[in-house]
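A.B. asks: Got a structure for you, questions after.
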Amino acid sequence: MSARNLFDLAWLIPAFPAFGAVVLLLAGKRIGEPKAGWFATAMIGLSFVCSVIAFFALRSLSPEARSNLSQGFTWIQSGTFRVDFRFLVDPLSSTMTLFVTGVGTLIHMYAIGYMHGDSRFSRFFAYLNLFAASMLVLVLGSSFLLTFLGWEGVGLCSYLLISFWFERNSAAVAGKKAFITNRVGDFGFMLAMFLIFQKLGTLDYSALGSTAHVPAAVAALPQSALTAIALLLLVGAMGKSAQLPLHIWLPDAMEGPTPVSALIHAATMVTAGVFLLVRAHVFFDLSNHAGTVVAWVGAITALYAASVALVQKDIKRVLAYSTISQLGYMFLAVGVGAYSASIFHMITHAFFKALLFLGAGSVIHGMHDEQDMRRMGGLRKYMPITAGTFIVGWLAISGIIPFAGFWSKDEILAKAWSSHNYALWAIGAVAALLTAFYMTRQVWLVFFGPERWRDDAVLVGHAIAPTEAEEPVAAAVTEPEHGLEPHESPWTMYVPLVALALLSVLGGLIDLPFMSAKLNLLDRWLELPEAHASSGFGGLTLSTIALVIGVVGILVGVRLYRNGLRPDGADPTDEALDGFAPVLENAWYIDYSLSRFVSGPVTAFARFLSDGVDRAGIDGAVNGIATAAREGGGGLRRIQTGLVRNYALGIAVGTVLLLLYAATRVTF
0 MSARNLFDLA
10 WLIPAFPAFG
20 AVVLLLAGKR
30 IGEPKAGWFA
40 TAMIGLSFVC
50 SVIAFFALRS
60 LSPEARSNLS
70 QGFTWIQSGT
80 FRVDFRFLVD
90 PLSSTMTLFV
100 TGVGTLIHMY
110 AIGYMHGDSR
120 FSRFFAYLNL
130 FAASMLVLVL
140 GSSFLLTFLG
150 WEGVGLCSYL
160 LISFWFERNS
170 AAVAGKKAFI
180 TNRVGDFGFM
190 LAMFLIFQKL
200 GTLDYSALGS
210 TAHVPAAVAA
220 LPQSALTAIA
230 LLLLVGAMGK
240 SAQLPLHIWL
250 PDAMEGPTPV
260 SALIHAATMV
270 TAGVFLLVRA
280 HVFFDLSNHA
290 GTVVAWVGAI
300 TALYAASVAL
310 VQKDIKRVLA
320 YSTISQLGYM
330 FLAVGVGAYS
340 ASIFHMITHA
350 FFKALLFLGA
360 GSVIHGMHDE
370 QDMRRMGGLR
380 KYMPITAGTF
390 IVGWLAISGI
400 IPFAGFWSKD
410 EILAKAWSSH
420 NYALWAIGAV
430 AALLTAFYMT
440 RQVWLVFFGP
450 ERWRDDAVLV
460 GHAIAPTEAE
470 EPVAAAVTEP
480 EHGLEPHESP
490 WTMYVPLVAL
500 ALLSVLGGLI
510 DLPFMSAKLN
520 LLDRWLELPE
530 AHASSGFGGL
540 TLSTIALVIG
550 VVGILVGVRL
560 YRNGLRPDGA
570 DPTDEALDGF
580 APVLENAWYI
590 DYSLSRFVSG
600 PVTAFARFLS
610 DGVDRAGIDG
620 AVNGIATAAR
630 EGGGGLRRIQ
640 TGLVRNYALG
650 IAVGTVLLLL
660 YAATRVTF
C-alpha cells in the first residue's frame, strides 16, 4: 500500500477510540469488568499502532511532501463557505497523535487496576475513549473549525470525567467549573475564526501556507488584524491550557479519578492550547506584539503556579499547579518563537507528568484513598516500584541531566536568553528553582522520613483536620493491625509506571541540542520556524546554570524535609513563609476574588439584564403591545351591538362629520 493510501486511512486513528466509546456506552454493562477496560485499552492501542504506521509513512517522504490531506467529505456547505471533513497528516499532527495515543494507552491500562470495583467501571472507559477520540480529531483536523469540533468534544469529556464521582458535591462543582471556564476561552477561539474567515475567506489550515512560504493574502493582512487574530487565539488557548487567569478550573479537576488527572494534565486537554498556537504560528510570526504577550502570560503563569505549589498539602494538587507552571514554560517558548522547543517540552512533560500523576494515584491506592501528604511518609519501603518510578519523574521535572525534562526545559530557557528576553529567562529560572524545591518536598513527605500514617497524633496535631470525606479513610490508615498498611499496586498499575519512567529517562534523546551532529531530531522533523538559534546545550554556561538551579532546589528541599514535618506536625515551608503561607495556600486568592466578583457584580448585572432589560423592558414591550391590542379589541367589540338603529345612527353621525370637514376645508 502506498503512503498516499495510508494517509487516506488516517480516519482510523480517531475512529478506533470513538468506536470503543459507542460500544461501551451501549453494551458496557454486559461486557463488564475488567473486559470493558481491556477493550477500551485495545481501541486506543490500535489507534497508537495506526499513528506509528502514519509516522513512518510520513517519514518516508521528502520534507516538501510531508503535508497530506486524507480523503473526506463536505461537512458544511453554505454559499461560498465550505468546510471539508478531512484530516491533515503532517509532522506536527503525527507527533501529537503518537504521544496522545501512546501515553493514553498506558493510562487506560493503569485505569483497569485503579478503577477496580467501581460501579460505573464500563462508563468510565467509554468516557476515556471518547476523550481520546476528541483529542485526536482536534490535532488531525484540517481546518480551524474541525479542530474546534474536537476542542468542544474534549471540553465535554472533561466535564463528564472530572465530575465522574458526582455523588460528591465537590466533584460536581469542579466539573461545572471546568466546563464554564473553558467556555470563556472557547468564545475567544470562535471570534478568532470569525475574523480569519472574514479576512481570508476560509478556515482551512492550507490558507496559512507552510513554514517556507507565507501566502500573500496572509502577509498582506494589516497589523491590527494579525494581532487581533493572534490574541483571540491566545484567549482560547489560555482556557484549555490553564493560563492566568483562566487556570482556576485545573486544580479543582483533581476531583476526578487519578487516571483522568493524568490524561487531562499530561497527554490531552491541556496540550490543546499549545498545539493551537503552534499550528497558527504564522499570525504570531507576522504580528509585532502578540508573541510578547504570549511569552509574558506564560512566564507569569509559570512563576505563579510554582509559588502556589510550594505549600499545597494534597499530593495531586501539588502536581496540578506543577502542570500549570510547566504549561507556562510552553507558552513562554511559543512567545519567543521557539515552537519546536515548546513541542519538545510538551512531549517530555507528557512522559514525566503522566508518570507523576499515576504514581500519585498508586500512592493513593496503596494508602486506601488518602491524599494528604502530611499523613504519609516512609512509603518507599512498602511501595518500592511506585517510589522508584516517582523519583525518576521528580528528577525529570526538576531538570536534572540526563533526564528528559533537563533537555526540554534547558532549550526553552536558552531560547529565551538568545532572544534577549533576559527578564523572561530570569522568571523561568526562578520558577525552575521553585519546581525542584516543591517536588523534593513532595518526594520526602511521601516516601521518606517517619511513617506518619501510623501516628494518630499527626491526624489531629497542628491544624491537620480531616475533611468530612476523608475521615473514614484517616481512621482506616491508622489501624495497621487490620491489614490496612500501605501496599504496592497491582501489575496493571505499575507496568505503565515503569514504561513512563523509561520514557522520562530516554525521552530527551529525541531532540538533543547538537545541531552539528544532527541530533536535534525533533527540530528537523517538525521544521517549524525558530526565531532565535542557540548553540549546543543551549550554550554550555546557560545549561550549567540551569542544572545548578535544579540541584540547589533539591538540596534546599532535602535539608528542610530530611526529617519530614516538625515534631508538632508543622510544615517547614509554612514556618519559613510565616504569614505569607496562607496567601500561597489559597493561590494568591485569585480564585476567591473571581468567585466573589462573579457572585457579586456579575450576578447583579445578570439580574439587571434578566429582570430589568429582559423581563421589564423586552418582555414588557411585547406584553404591552399584546395587552393594548387585547384591550383595544375589547373596546371596539362593544360597538358591535347587532342593532340596525345603532349602525344607522353611526352612519348618520359619520356623514355629518364628513360634511363638516368638507365645509371647513372649503371655508379656509
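If you count the sequence shown from 1, position 248 lands on 247 in numbering that gives the first Met the number 0, and the numbers rise without skipping.
Ideal Cβ positions, reconstructed from N, Cα and C, are used throughout, including at glycine.
Keep in mind that this is a model prediction, so the values were computed, not measured.
Does DSSP put PHE86 in a helix, a strand or coil?
C.D. replies: In the structure shown, PHE86 sits in a strand (DSSP, three-state: E or B).
A.B. asks: What residues in its chain sit with their C-beta under 8 Å from that of TYR277, if we drop five residues either side in the sequence?
C.D. replies: One point to set straight first is that residue 277 is Val, not Tyr, in the sequence displayed. Cβ neighbours of VAL277 beyond the five flanking positions: LEU91, VAL333, TYR338, SER341, ILE342 and LEU527.
A.B. asks: Run through the segment 7-79 for me and flag every whole alpha helix (DSSP H) of 4 or more residues, listed as ranges in chain order.
C.D. replies: You should have 11-30 and 34-58.
A.B. asks: At the level of alpha carbons, what is the spacing between ALA294 and PHE330?
C.D. replies: About 6 Å.
A.B. asks: So PHE405 packs on GLY507, CB below 8 Å; how close in whole Å?
C.D. replies: Contact holds; Cβ gap of about 7 Å.
A.B. asks: Within 10 angstroms of the Cβ of LYS670, are there 16 or more other Cβ atoms? Answer buried if so, exposed if not.
C.D. replies: Not covered by the structure: residue 670. The range shown for the chain is 0 to 667.
A.B. asks: Let me check understanding here. Comparing Cα to Cα, which of LEU129, VAL307 and LEU202 lies closest to TYR588?
C.D. replies: Measuring from the Cα of TYR588, the nearest candidate turns out to be VAL307.
A.B. asks: DSSP three-state label for ARG614, please.
C.D. replies: Three-state DSSP puts ARG614 in a helix.
A.B. asks: I need the boundaries of the alpha helix (DSSP H) containing GLN325, first residue and last residue.
C.D. replies: First-last of the alpha helix (DSSP H) with GLN325: 314-334.
A.B. asks: Tell me which same chain residues have a C-beta within less than 8 Å of the C-beta of TRP164, skipping the five on either side of it?
C.D. replies: Within the same chain, TRP164 has close Cβ partners ALA170, GLU254, GLY255 and PRO256.
A.B. asks: Kindly indicate if chain C contains any beta-carbon less than 8 Å away from that of THR226.
C.D. replies: You won't find chain C in this structure, because it holds only one protein chain.
A.B. asks: Could you pull out every unbroken alpha helix (DSSP H) segment of at least 4 residues lying fully inside the segment 155-210, listed in chain order?
C.D. replies: Listed in chain order, the complete alpha helix (DSSP H) runs (minimum 4 residues) inside the segment 155-210 are 168-199.
A.B. asks: Tell me the DSSP bridge mates of SER142?
C.D. replies: Partner(s): ASP203.
A.B. asks: Is the distance from the Cβ of ALA359 to the Cβ of LYS315 below 8 Å?
C.D. replies: It is a contact, given that the beta carbons lie within the stated cut-off.
A.B. asks: Would you give the residue range spanned by the alpha helix (DSSP H) that PRO495 belongs to?
C.D. replies: Where PRO495 is concerned, the enclosing alpha helix (DSSP H) stretches over 490-505.
A.B. asks: So, with DSSP's three-state summary, where would you put ARG595?
C.D. replies: Correct three-state label for ARG595: helix.
A.B. asks: Below 6 Å CB to CB, which residues in the same chain sit around LEU230 once its five sequence neighbours on both sides are set aside?
C.D. replies: Correct list, in chain order: ALA289.
A.B. asks: Quick test of your reading: ILE263 and SER157, contact by CB under 8 Å. State the CB separation rounded to the nearest angstrom.
C.D. replies: ILE263 to SER157, Cβ: 6 Å. Contact.
A.B. asks: The alpha helix (DSSP H) with ARG374 in it runs from where to where?
C.D. replies: No alpha helix (DSSP H) holds ARG374; DSSP gives it neither H nor E.
A.B. asks: Is it buried or exposed, LYS380, if we count other Cβ atoms within 10 angstroms and call 16 or more buried?
C.D. replies: Answer is exposed; the Cβ neighbour count stays below 16.
A.B. asks: Alpha carbons only, please: which of SER46, SER59 and ARG374 is nearest the one belonging to GLY568?
C.D. replies: Checking every option, the nearest Cα to that of GLY568 belongs to ARG374.
A.B. asks: Counting only runs of 4+ residues fully inside the segment 506-565, write out the alpha helix (DSSP H) ranges in chain order.
C.D. replies: List check, alpha helix (DSSP H) in window: 520-525 and 539-560.
A.B. asks: Please classify TRP490: is it buried, with 16 or more other beta-carbons within 10 angstroms of its beta-carbon, or exposed?
C.D. replies: It is exposed - the Cβ of TRP490 has fewer than 16 other Cβ atoms within 10 Å.
A.B. asks: Just the C-alpha distance for ALA261 and HIS246, rounded to the nearest angstrom, thanks.
C.D. replies: About 17 Å.
A.B. asks: Return the CA-CA distance between GLU480 and TYR303, expressed in angstroms with no decimal places.
C.D. replies: Bear in mind that a pLDDT of 38 at GLU480, under 50, signals an unreliable position, so the model cannot answer this.
A.B. asks: How many Å lie between THR612 and GLU630 at the Cα?
C.D. replies: This sequence places Val at residue 612; Thr is not what is there. Near 25 Å, if we compare the C-alpha coordinates of GLU630 and VAL612.
A.B. asks: By the three-class DSSP mapping on this structure, what secondary structure does ARG119 have?
C.D. replies: Note: ARG119 maps to coil in three-state DSSP.
A.B. asks: On the DSSP bridge assignment, give the partners of ARG81 in chain order.
C.D. replies: For ARG81, which the question treats as bridged, DSSP gives the partners GLN76.
A.B. asks: Label TYR109 either buried or exposed according to how many other C-beta atoms from any shown protein chain fall within 10 Å of its C-beta, with 16 as the threshold for buried.
C.D. replies: Buried: at least 16 other Cβ atoms inside 10 Å.
A.B. asks: Please classify PRO401: is it buried, with 16 or more other beta-carbons within 10 angstroms of its beta-carbon, or exposed?
C.D. replies: Classification of PRO401: exposed, given that the 10 Å Cβ count is below 16.
A.B. asks: Would you say GLY377 and GLY448 are within 8 Å of each other, going by their C-beta atoms?
C.D. replies: Result yes, Cβ atoms of GLY377 and GLY448 sit closer than 8 Å.
A.B. asks: Quick one: Cα of SER142 to Cα of GLY200, how far?
C.D. replies: Going from the Cα of SER142 to the Cα of GLY200 covers about 12 Å.
A.B. asks: If you pair each beta-carbon of the segment 113-124 with each one of the segment 28-46, do three or more pairs fall below 8 Å?
C.D. replies: Touching, yes.
A.B. asks: Just mark HIS107 as buried or exposed, buried being the case when its beta carbon has 16 or more other beta carbons within 10 Å.
C.D. replies: Its Cβ being crowded by 16 or more others within 10 Å, HIS107 is buried.
A.B. asks: Could you say which of ASP83, PRO383, ARG565 and GLU63 lies nearest to SER69 if we only look at CA atoms?
C.D. replies: Ranking ASP83, PRO383, ARG565 and GLU63 by Cα distance to SER69 puts ASP83 first.
A.B. asks: Do LEU309 and LEU127 have their CB atoms nearer than 8 Å?
C.D. replies: No, the pair does not count as a contact, with Cβ atoms beyond the cut-off.
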